[in-house]
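When we follow my numbering, the leftmost residue of the sequence shown carries the number 6, and every step to the right adds one. Glycine included, every Cβ here is placed at the ideal spot set by N, Cα and C.
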Amino acid sequence: MPFSLFVCFKVVQEYERAVIFRLGRLLSGGAKGPGIFFILPCVDNYARVDLRTRTYDVPPQEVLTKDSVTVSVDAVVYYRVNNATISIANVENAHHSTRLLAQTTLRNTMGTRPLHEILSERETISGNMQASLDEATDTWGIKVERVEIKDVRLPVQLQRAMAAEAEAAREARAKVIAAEGEQKASRALREASEVIGDSPAALQLRYLQTLNTISAEKNSTIVFPLPIDMLTYFMKALPKE
Numbered sequence: 006m007p008f009s010l011f012v013c014f015k016v017v018q019e020y021e022r023a024v025i026f027r028l029g030r031l032l033s034g035g036a037k038g039p040g041i042f043f044i045l046p047c048v049d050n051y052a053r054v055d056l057r058t059r060t061y062d063v064p065p066q067e068v069l070t071k072d073s074v075t076v077s078v079d080a081v082v083y084y085r086v087n088n089a090t091i092s093i094a095n096v097e098n099a100h101h102s103t104r105l106l107a108q109t110t111l112r113n114t115m116g117t118r119p120l121h122e123i124l125s126e127r128e129t130i131s132g133n134m135q136a137s138l139d140e141a142t143d144t145w146g147i148k149v150e151r152v153e154i155k156d157v158r159l160p161v162q163l164q165r166a167m168a169a170e171a172e173a174a175r176e177a178r179a180k181v182i183a184a185e186g187e188q189k190a191s192r193a194l195r196e197a198s199e200v201i202g203d204s205p206a207a208l209q210l211r212y213l214q215t216l217n218t219i220s221a222e223k224n225s226t227i228v229f230p231l232p233i234d235m236l237t238y239f240m241k242a243l244p245k246e
C-alpha cells in the first residue's frame with residue numbers, strides 16, 4: 006500500500022506542466038501543475054513539459070540572395086511552449102520541428118531579398134521571420150518570442166570588391182572636399198589682395214606683421230626689408246582679373 010501511494014502522486018515544478026493520458030486518451034481538464042497531481046498506476050501515463058524559454062542557435066545556412074549572391078547566414082531563435090497539451094498531442098517533437106522550420110524559414114526569407122537589404126535591414130528581416138515562425142508553430146503549442154540574425158558572411162572576393170568600392174568613394178569625397186577648400190582659399194586670397202591693393206595702410210600693416218613673424222622664429226634667416234613704396238609699386242603692377 007505505501008508503494009502504491011508513492012507512485013500515485015507526482016510533483017512538477019513551477020516552470021513545468023504534466024500532460025496526462027488515461028488508457029491512451031488525453032485526460033480532460035488540461036495539463037496539470039505546478040505542484041502535486043494524482044495519477045492511477047498502470048492506467049495513466051504522463052509527459053512533463055518545460056515552459057521556459059529555449060534558445061536555438063541556427064547553424065550557418067548557405068543562401069542565394071535575390072540578386073544571385075551566395076552568402077552564409079546564421080541566427081538565434083528564442084521560443085517556448087505556451088500550450089503544453091497541444092505541444093504533446095499535435096506534434097511528435099515540437100522542439101525538433103520548430104528548429105527545422107527555423108532553418109528553412111531563414112533560407113526562404115533571405116532568398117527573397119537582395120544583398121543590400123540583408124545587410125542594412127536586419128531588424129526588419131528578423132521581425133518578419135519571427136512573425137512567420139510564430140504563426141506556423143502556433144498549432145504546435147509553440148510561441149516564438151524573438152529572432153536575431155547573428156552574422157552575414159560574404160564571399161572573400163565580394164568583400165574585397167566592396168572594400169575597394171568604399172575606398173574609391175572615400176577618395177572621391179576627399180578630392181571634392183579638397184577642391185572646395187582650394188576654391189574658398191583662392192576666393193579669400195583674391196579678396197585680401199584687393200583690400201591690400203586699395204589701401205596702402207593695410208599693405209604696410211601686413212608687411213610689418215610678416216616681418217615680426219619671421220623675426221620671432223629661432224633660425225639664421227636674414228631678412229632685408231624692402232621700402233614700402235616698392236611693395237606698393239609691385240602690387241599695382243600685378244594684373245587684375
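Taking residue i and residue j to be in contact with their CB atoms under 8 Å, please state how far apart those CB atoms are, rounded to whole angstroms.
i: K71; j: T117; result: 6 Å
i: A141; j: L106; result: 6 Å
i: C13; j: P46; result: 6 Å
i: Q108; j: V161; result: Not a contact, Cβ separation roughly 25 Å.
Which residue wins for smallest C-alpha separation from residue i, given the options the options?
i: P119; options: V48, L69 and S191; result: L69
i: I41; options: C47, E67 and R22; result: R22
i: M115; options: G132, T103, N50 and V78; result: V78
i: K15; options: F43, R30, L28 and G29; result: F43
i: N50; options: R30, E122 and V63; result: R30
i: L111; options: S137, E187, R175 and A190; result: S137
i: A99; options: V86, I130 and Q188; result: V86
Any C-beta of chain B sitting closer than 8 Å to the C-beta of residue i?
i: A177; result: The structure shown contains no chain B; it holds only a single protein chain.
Apart from the five residues on each side of it in sequence, which residues of its chain come closer than 7 Å, Cβ to Cβ, to residue i?
i: T60; result: V81 and Y83
i: V24; result: A36, Y51, A52, V54, A89, T90 and I93
i: V48; result: R27 and L28
i: Q135; result: V149, R151 and V152
i: M6; result: Legend: pLDDT at M6 = 47, less than 50; position of this residue unreliable, no value from coordinates given.
i: E67; result: T75 and S77
i: A190; result: none
i: G38; result: V17, E21, R22 and A23
i: A184; result: none
Which residues in the same chain as residue i place their Cβ atom closer than 8 Å to its Cβ, once the five residues preceding and following it in sequence are excluded?
i: F8; result: Per-residue confidence for F8 stands at a pLDDT of 49, beneath the threshold of 50, marking its modelled position as unreliable; the derived number appears in the next sentence. Contacts found: none.
i: I259; result: Nothing can be reported for residue 259, as the shown portion of the chain is limited to 6 through 246.
Starting from the C-beta of residue i, find all residues in its chain whose C-beta is less than 6 Å away, skip the five residues before and the five after it, and write them out in chain order.
i: R158; result: S77
i: R127; result: I154
i: V96; result: S102 and W145
i: D139; result: V149
Original post:
How do the region 78 to 90 and the region 136 to 151 stand: do at least 3 beta-carbon pairs fall below 8 Å, yes or no?
Top reply: yes
Subject >> Every unbroken alpha helix (DSSP H) inside the region 116 to 169 [4 residues or more] >> reply: Those alpha helix (DSSP H) runs which fall completely within the region 116 to 169 and span 4+ residues are 120 to 125 and 127 to 141.
Original post:
Below 8 Å, can you find three or more Cβ-Cβ pairs linking the region 13 to 32 to the region 50 to 63?
Top reply: The region 13 to 32 makes contact with the region 50 to 63: 3 or more CB pairs, one atom from each, lie closer than 8 Å.
Original post:
Are three or more beta carbon pairs between the region 34 to 49 and the region 72 to 84 nearer than 8 Å?
Top reply: no
**OP:** Starting from the N-terminal side, write out each stretch of the beta strand (DSSP E) that is 3 residues or longer and does not extend beyond the region 29 to 113.
**Re:** If you keep only unbroken beta strand (DSSP E) runs of at least 3 residues inside the region 29 to 113, you get 40 to 43, 49 to 55, 59 to 69 and 75 to 86.
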